[in-house]
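>
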Amino acid sequence: MDTGLLLVAAFCGIWQFVSTTDFGYTLSDTLGQPVLVGALLGIITGQIEQGLLIGGSLELMYLGIIYPGGTVPACASSAALVAIPIALRTGLDAHAATVLAVPFGILGSVLWNIKYSINSTFTIRAEKSVEKKDFNAVTRNASVYPMILTFVLTAVPIFLANILAPTLVESMINAIPAWAMHGIEVAGGVLPAIGFALAVYTIGKKEFLPFFVIGYFIVIYFEVATMGVAIFGTCIALLYLFLKNKESEA
Amino acid sequence: MDTGLLLVAAFCGIWQFVSTTDFGYTLSDTLGQPVLVGALLGIITGQIEQGLLIGGSLELMYLGIIYPGGTVPACASSAALVAIPIALRTGLDAHAATVLAVPFGILGSVLWNIKYSINSTFTIRAEKSVEKKDFNAVTRNASVYPMILTFVLTAVPIFLANILAPTLVESMINAIPAWAMHGIEVAGGVLPAIGFALAVYTIGKKEFLPFFVIGYFIVIYFEVATMGVAIFGTCIALLYLFLKNKESEA
Amino acid sequence: MDTGLLLVAAFCGIWQFVSTTDFGYTLSDTLGQPVLVGALLGIITGQIEQGLLIGGSLELMYLGIIYPGGTVPACASSAALVAIPIALRTGLDAHAATVLAVPFGILGSVLWNIKYSINSTFTIRAEKSVEKKDFNAVTRNASVYPMILTFVLTAVPIFLANILAPTLVESMINAIPAWAMHGIEVAGGVLPAIGFALAVYTIGKKEFLPFFVIGYFIVIYFEVATMGVAIFGTCIALLYLFLKNKESEA
Amino acid sequence: MAENTNERKITNKDIFQAYNKWYWLCEVSHCYDRLQSLSFCASQQNALRKLYPNDDDYQEALQRHLQFFNTEGTIGSVIHGITLSLEEEKSMNPDDISGEMIIALKTGLMGPIAGIGDTLIWGTLKPICLALATTMALSNNLIGAFFVLLFPLAGYFIGLYMCKLGYSLGRNAIGKLIQSGLMNRIIDACSILGLMMMGALSASYVSLTTTAGFKLENSDPILLQNILDGIMPGLLPFALIAGIYFYMKKKGTKYGGILLGIIIASIVLAFFDIV
Amino acid sequence: MAENTNERKITNKDIFQAYNKWYWLCEVSHCYDRLQSLSFCASQQNALRKLYPNDDDYQEALQRHLQFFNTEGTIGSVIHGITLSLEEEKSMNPDDISGEMIIALKTGLMGPIAGIGDTLIWGTLKPICLALATTMALSNNLIGAFFVLLFPLAGYFIGLYMCKLGYSLGRNAIGKLIQSGLMNRIIDACSILGLMMMGALSASYVSLTTTAGFKLENSDPILLQNILDGIMPGLLPFALIAGIYFYMKKKGTKYGGILLGIIIASIVLAFFDIV
Amino acid sequence: MAENTNERKITNKDIFQAYNKWYWLCEVSHCYDRLQSLSFCASQQNALRKLYPNDDDYQEALQRHLQFFNTEGTIGSVIHGITLSLEEEKSMNPDDISGEMIIALKTGLMGPIAGIGDTLIWGTLKPICLALATTMALSNNLIGAFFVLLFPLAGYFIGLYMCKLGYSLGRNAIGKLIQSGLMNRIIDACSILGLMMMGALSASYVSLTTTAGFKLENSDPILLQNILDGIMPGLLPFALIAGIYFYMKKKGTKYGGILLGIIIASIVLAFFDIV
Ligand SMILES: OC[C@H]1O[C@H](O)[C@@H](O)[C@@H](O)[C@@H]1O
Ligand SMILES: OC[C@H]1O[C@H](O)[C@@H](O)[C@@H](O)[C@@H]1O
Ligand SMILES: OC[C@H]1O[C@H](O)[C@@H](O)[C@@H](O)[C@@H]1O
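Pasting the structure below:
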């Protein structure tokens, strides 16, 4: 086993810990986003162009996912930190890498489930300590312990996956017939739909659903960038708010 | 007189009956739409490409017409079932065929007026039968009798027009000076306006008229397809409905 | 001094009077608009193409200015009637001419301030005359006197500027370093912003500000002409009015 | 509802039959003075026979439904459903429900529902299907032309759904619907959609340009159309439609006259080389 | 209304005359402390002379209309029409209508109407006409430049219409209009249109880009403008306008200062090669 | 407010500290049954110690904040601010404010604010930043990829602002806010924005086309995708999302199952050469 592989695997393990420990509410998750992971691994391996390309492509699949109430539909960092290094190493193209990432993203969300289950014990421990007037235990249970748990739960498997996967994956990829590969590729383009449907399901009051359709077809018919829709959407939302406020004052 | 002409004329007569007898509420009218007639006559005469082209061009003039309260501003099938076969036979181009169709569309609407007038007798007959407890007469008067009337009223003239018109039309067309031909052509482009104005007049509450202007200029400025406007229009209509419902609940 | 220069200067002086005397509420201001001035000077000097180009470019800087409550942020005609003749004479290009115009537009607005201040005396005189039952003095004070004042105040300086400025300006322009010239040019593109911000400040109720943003980004994202926005804006405004009226009736 | 089901006489098959008679015959006997009264009556006949075994009652029922009736047939079949449910109830409790009540409900609903249906079905669904098929046909796609059949197909099933809905809702629901103002709001919403569609269709399918122009000395010829396009594209067709609309507002909807006027005007303008 | 027509002293010609004096002189004598009071008075003079043959009454009337007045002249001429109708009524029933009432009505209307007029006439109609003419002029079309005259032409006739309207509506209609809240809704609607127009004009006519950028080793130079365009096109001009707007909100509308600031800033930024 | 400032025990530093503990630990100890209760408690700890020198009171306060809690952390930190102000008040007037009241307020706010925050912060701000960075990265701009950090940066400061705001508003303001219905209107507005964003993101990032088609004799092969595009572009992805949405409505949000279903379906469809 070459040191390059080890080094990258170590980085990926640690980085997976960093981006799943949730240390820093909006920060932790962001650090594990495929586009950033792609850039970092690109720098580390000296394959910046490839890293950006694969990371960016992968990002498209995960950028719309939201986690209401602690549901993690798919783990972007698990996908990124396994699929990108393998792709960089084996020279997979961006499309195939996206396909490869899918199962790891799903496996990653399983780790979250485990973490959220075990974490319960720390809350219970904190509660008991407070009962015993051992007040300092609160912060300890809220930080150090769950972080250690996360390290074991996430860093280790990603490290191992990085070491074991390449050969496995390579032979697997060779074994998959072209049509199935294409099928998985199609699935890659379709999967973000789940995230969006979920978000609509979560956010969406029935009476506002037409705004989803409007947003969708503005992009389809006018080829406006997402930011444009965000601007117009903000204006419409503000107008709704202001005019309703005005009405309720009268 | 060649058999080809006779055959086509027979088809046109029967088809005119089919599409003006109103047997099948949304079906009958559709069967007489120029685009479909063009396709069918194209198949029959083996000139599919020409048939589609002429039928489609003609359709543009009639596709916006609605018939509120039994007003038939112009009869698309009369126009199609005379103008298209003539055009296919004499090799008229799509533009000239559209021009040619105009008067037949208008004459056709006269037939509707006659039909609607005579139909009164059947309702009266049905009423009298019910008085005499001859209950079965209702359906008979509601179906067979008016259909026979329609056949005589519409199939026959269209059949004759198909047989007599070609020579007449050809010499007429040769007689019309170029500028007048152009004028009729211009009229062809303008005539759909009546249908739309009528529809606006019928549908349109004053306070919603700006939506007509919006629909118009969305297409003008953004070159969006009609379907796009239908989508956005549906969204806006639903939002109006939902938000007004919400208000009235509060 | 050549007669051509004198003639143009005389025209400019008189025209400045015409367009700042406010004789004709919507007319006077319009006559001094750079685009028209450019056309007229183009005809006079026989340089129609250049005149249109420079006048039009200059117009872009002034076409959005409104004068609520008698505030004149910048005087378009002063700018036009000095900068355009100089540019036509010295062969300045449209960009540089716009730059050149800026200070004259500002100086021009100073003249307005003076005029509005001195005009007070006429109102007072009219008041006194009415007290003395000299009723005819009203119209005189409302027309002839302030017009004479305007003539002296505006025609004379513009005439002089036209005679003196060319040589001065030429040497000035030569003296200005390229980077500063570029800076003034940039300022030229930015200055209309003040007029628009002022208009928004004047018109704009807080709750409707999003409509400014919408108007802005419709043009940015869809590249619609101003007229298009005017059409859609009118529709939206009417819908607001109609629907609010309907609500208040219910 | 629940306590009545055991007494139900109208079966799903009856509803299906009534709807079909309506769908196929609806406009066949349309006439100027009574419009759809005959077809309405015919469509209810079988069910009425079942409800009123007594010939006199049956006769009365038929006469009731020969009264003036007119609505849009697709959305309007909701009225047939409601009528069936009312007649069923009347046949069981003749004193609770009078014939006048049924007529009143029918005539009360037919107007607003005609507005909704004409807008949605004929003003929106139909032109969309036709435009779709036409676009395809014009690009030489034979199958495309047959896409017009989407319209009758959809129409048939929407109507069927409405008829069933009407029966299951019955008169109470509908009464509430009207009282709550919901009906008005639905009509308004349809009006919005319909007007936008008519605007879009107008922009797509009305064409008018002018060839007028003039030439100054030493200049390129100036075309009026270019100036109009500079003001706003699509100005002439828009002005034309607005003109026709306001003419109709003032003088009524004389289709024939307007049509003739336009053809004559076109030819005259063509003669002077203006269009 | 009907019963008064036989007593009417003000003829259509009087209204036309009053409007013309107003249209032509409106702003000629504009001054900082009284604005349009003199021109308002002058415009009413002839009619007032006719209504008040008695010199004292006439004098009082003139004094009444020399009070502070300012509005947008086009839409605002509706006030002149109303005033004429009020003065006519006062001249007939002096006790029913007091001079104060007339003044109150004038000053009550002038503010909101100024808002409407500035938005519609100067903020919308004018820039549209100018933009049209400018576009044509810039494509070397001489006739096009004269299209600016559309604005005064339209303005003149809109004003005339408003003046006549004001006279025929009289004070009652206007009173109701204000009470009903309609005026506020009209202002709101104008505000919507005006703001959209200002947004569109800003996007079309304010231009600002940065030339700033930096270069990393082994990479193409990175231009700040490209990044900004990636975020959203038109960001800088938008930020600039927003900045000026909020500055005005805080410090008042110091046009001169802001202008100077921008020029200086532009030159400085140009020096550092940032714009 | 004013009379209390001299008695204030909570300093700005305390608020800052509390917020930071929250920001950094918020989700670290997240668990299925209690979610953010532990981190909420931890974040308030230092301030509570200061407010309740007595160990029993302190213990009670900690227990109070170990109750179930879950919200969106950024906007939600307004609740931390409010809680601090309430605890401060309680520590001074223990009888005025009960512990239950504080718990009730927290749990009352956490739901609606989670909705607002999830929409604005995670559903709008995050994908915008990510899309920006991704677009840049895909055009081979290394710096661009690091633009993702805009999101945590903005998030951190928005949260800080919300926390301070909550403290200074206190419970009264919030109470009014909820009563007035403002909260509901804010949620509605967020819903509008969020849904439009999801629509736009769906259109940009979900891709699905079919390769199905058939060939008639003597004609070019007809591709289903062309027909679909003729009807409306983007139809398939839209139908897919709508399908998933309605599936979730009926059967609940089984992410895993749907995901598996889609992958299997994709492979099967690929086998039959349909996608
Ligand atoms: O839904 C509210 C909230 O729930 C959980 O705590 C997490 O998933 C957060 O990301 C989310 O904002
Ligand atoms: O307007 C209602 C209705 O009236 C008539 O019955 C026909 O023209 C129908 O097509 C129409 O829907
Ligand atoms: O603001 C109302 C009004 O004020 C002044 O009289 C002038 O500036 C007018 O142009 C303006 O319309």
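Chains as they are written, first to last, in UniProt numbering: chain Y, 1 to 250; chain E, 1 to 250; chain V, 1 to 250; chain X, 1 to 275; chain U, 1 to 275; chain C, 1 to 275.
Backbone N, C-alpha and C define an ideal beta-carbon position, used for all residues, glycine too.
#1: Are any of the Cβ atoms in chain C nearer than 8 angstroms to that of residue 73 (chain U)?
#2: Could you list which residues in chain B have their beta carbon closer than 7 angstroms to that of residue 179 (chain V), in chain order?
#3: Does the Cβ of residue 38 (chain V) lie closer than 7 angstroms to at least one heavy atom of ligand 2?
#4: Using only CA atoms, which one of E:183, E:117, E:132 and E:101 lies nearest to residue 165 (chain E)?
#5: According to DSSP, which residues form a beta bridge with residue 69 (chain U)?
#6: Rounded C-beta distance between residue 222 (chain U) and residue 214 (chain U)? I'm assuming under 8 angstroms.
#7: Let me confirm a value: residue 8 (chain X) is counted as buried when at least 16 other C-beta atoms fall within 10 Å, else exposed. Which label applies?
#8: For residue 1 (chain U), which three-state DSSP category applies?
#9: Would the beta-carbon of residue 253 (chain U) fall within 8 angstroms of that of residue 190 (chain U)?
#10: Over what stretch of residues does the alpha helix (DSSP H) that includes residue 179 (chain V) continue unbroken?
#11: Any contact between the stretch 44-53 of chain U and the stretch 117-136 of chain U? By contact I mean 3 or more CB pairs, one from each, below 8 angstroms.
#12: Thinking C-alpha only, which one of U:38, U:17 and U:18 is nearest residue 27 (chain U)?
#13: Which residues of the stretch 220-231 of chain X have a Cβ closer than 7 angstroms to any Cβ of chain V? Give them in chain order.
#14: Alpha carbon to alpha carbon, how far is residue 126 (chain X) from residue 44 (chain E)? Give it in angstroms, no decimals.
#15: What residue range does the alpha helix (DSSP H) around residue 85 (chain Y) cover?
#16: Are the Cβ atoms of residue 80 (chain U) and residue 19 (chain U) separated by less than 8 angstroms?
#17: Which of the three DSSP states, helix, strand or coil, is assigned to residue 222 (chain C)?
#18: Between which two residues does the alpha helix (DSSP H) holding residue 98 (chain C) run?
#19: Measuring only the C-alpha atoms, how far is residue 29 (chain E) from residue 20 (chain E)?
#20: With 8 angstroms set as the bound, which would you pick, yes or no: does the beta-carbon of residue 201 (chain E) sit closer than that to a beta-carbon of chain V?
#21: Roughly how many whole angstroms lie between the Cα atoms of residue 2 (chain U) and residue 87 (chain U)?
#22: DSSP state of residue 272 (chain C), grouped into three classes?
#23: With a threshold of 8 angstroms on Cβ separation, who are the neighbours of residue 114 (chain X) within its own chain once the five nearest residues in sequence on each side are excluded?
#24: According to the Cβ coordinates, are residue 44 (chain X) and residue 11 (chain X) closer than 8 angstroms?
#25: How close, in whole Å, do the beta carbons of residue 70 (chain Y) and residue 35 (chain C) come, if the pair is a contact with beta carbons under 8 angstroms?
#26: Consider the Cβ of residue 128 (chain E): report whether some Cβ of chain X lies at a distance smaller than 8 angstroms.
#27: DSSP state of residue 11 (chain V), grouped into three classes?
#28: Looking at residue 225 (chain E) and ligand 5, is the gap between the Cβ and the nearest heavy atom below 7 angstroms?
#29: So what does residue 213 (chain X) bridge to, in DSSP terms?
#30: Let me know the alpha helix (DSSP H) ranges lying completely inside the stretch 145-193 of chain U, each 4 residues or longer, listed in chain order.
#31: Just to check, is the beta-carbon of residue 67 (chain V) closer than 7 angstroms to a non-hydrogen atom of ligand 3?
#32: Taking the alpha carbon of residue 184 (chain E) as the point to measure from, which residue in X:208, X:156 and X:167 has its own alpha carbon closest?
#33: Report buried or exposed for residue 260 (chain C), applying the criterion of at least 16 other Cβ atoms within 10 angstroms of its Cβ.
#34: Give, in chain order, every residue of the stretch 191-218 of chain E whose Cβ lies closer than 7 angstroms to some Cβ of chain V.
#35: Return the CA-CA distance between residue 114 (chain V) and residue 80 (chain V), expressed in angstroms with no decimal places.
#36: Taking 8 angstroms as the threshold (C-beta atoms), are residue 155 (chain V) and residue 137 (chain V) in contact?
With the structure as the only source:
#1: no
#2: The chain inventory of the structure shown lacks chain B, comprising the protein chains Y, E, V, X, U and C.
#3: no
#4: Checking every option, the nearest Cα to that of residue 165 (chain E) belongs to E:101.
#5: U:35
#6: 6 angstroms
#7: exposed
#8: Summary for residue 1 (chain U): the model assigns pLDDT 40, below 50, so the residue's position carries little reliability; its value from the coordinates is reported in the next sentence. Coil at residue 1 (chain U), not helix or strand.
#9: Remark: C-beta atoms of residue 253 (chain U) and residue 190 (chain U) do not approach each other more closely than 8 angstroms.
#10: 178-190
#11: no
#12: Ranking the options by Cα distance to residue 27 (chain U), first place goes to U:38.
#13: Per Cβ criterion, the list reads 231.
#14: 26 angstroms
#15: 76-90
#16: yes
#17: strand
#18: That residue, residue 98 (chain C), is in no alpha helix (DSSP H); it is neither H nor E in DSSP.
#19: 7 angstroms
#20: no
#21: Its pLDDT being 40, under 50, residue 2 (chain U) is placed unreliably by the model, and the measurement read from it follows with that caveat. Approximately 18 angstroms, taken between the alpha carbons.
#22: coil
#23: 70, 71, 72 and 76
#24: no
#25: That belief holds up - the Cβ atoms of residue 70 (chain Y) and residue 35 (chain C) are roughly 6 angstroms apart, short of 8 angstroms.
#26: No, its Cβ sits nowhere closer than 8 angstroms to a Cβ of chain X.
#27: helix
#28: Inclusion of ligand 5 in the displayed structure is not the case, the ligand content consisting of ligand 1, ligand 2 and ligand 3 alone.
#29: X:223
#30: 150-179
#31: yes
#32: X:208
#33: exposed
#34: 207, 210, 213, 214 and 217
#35: 20 angstroms
#36: no
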